[in-house]
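Take the sequence shown: its position 55, counting from 1, is numbered 54 in numbering that gives the first Met the number 0, and each next residue is one higher. Don't be surprised by glycine CBs; every beta carbon is placed ideally from N, CA and C. Predicted model only: the values in this text are computed from it and were never measured. Written out below as structure tokens is the structure these notes cover.
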Amino acid sequence: MLDHVTLSVADFEMSRRFYDQALGPLGIERLYDDGDQAAGYGRAGKAFFWIARQDPVASRAHVAFAAPDHEAVRAFHAAAVAHGGRDNGAPGPRPQYHDRYYAAFVLDPDGNNIEAVVQ
């Protein structure tokens, strides 16, 4: 089991604004902030997703966040696109994965593929 994941970001301020808005509909909030170097997001006092400044960004990643319901997936997608994300798969069923898989995909400001999913 994973404890936490960190993504490297080139424009820390832009990424922090993006994740503040995109993760809110999933009940994930910024819990920790290390100035302009790192920020930690999570629930109930536990940060499990981090962003950290690194220029240049070395690789792209895919991170999927569990959503409580379809509405949260749609709200995640709308908030992410409104705050600098690029659509990479509109909210909807993904029967190719399984019959209950409902997800949305957005590329963050660094091109990482960020997903919200209900299974």
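Run through DSSP, which three-state label would residue i get?
i   : result
R29 : strand
R42 : strand
F51 : The displayed chain sequence assigns Ala, not Phe, to residue 51. A51 falls in the strand class under three-state DSSP.
A37 : strand
Would you mind sorting residue i into buried or exposed? The rule is 16 or more other CB atoms within 10 Å of its CB.
i    : result
V8   : buried
R15  : buried
Y101 : buried
P108 : buried
Check the Cβ-Cβ distances between residue i and every residue of chain C, and say whether any is below 8 Å.
i   : result
W49 : The structure shown contains no chain C; it holds only a single protein chain.
Practice prompt. At 4 residues or longer, and completely inside the segment 69-101: list those alpha helix (DSSP H) runs for me, N to C.
Written response: Here the runs fully enclosed are 69-81.
Fill in: Inter-stretch contact (C-beta, 8 Å, three-pair minimum) for the segment 99-112 and the segment 82-91
As far as the Cβ criterion goes, the segment 99-112 touches the segment 82-91, which means the pair count is three or higher.
Discussion item. So, does the segment 10-25 touch the segment 71-83, judging by three or more C-beta pairs under 8 Å?
Written reply: Output reads yes: the segment 71-83 touches the segment 10-25.
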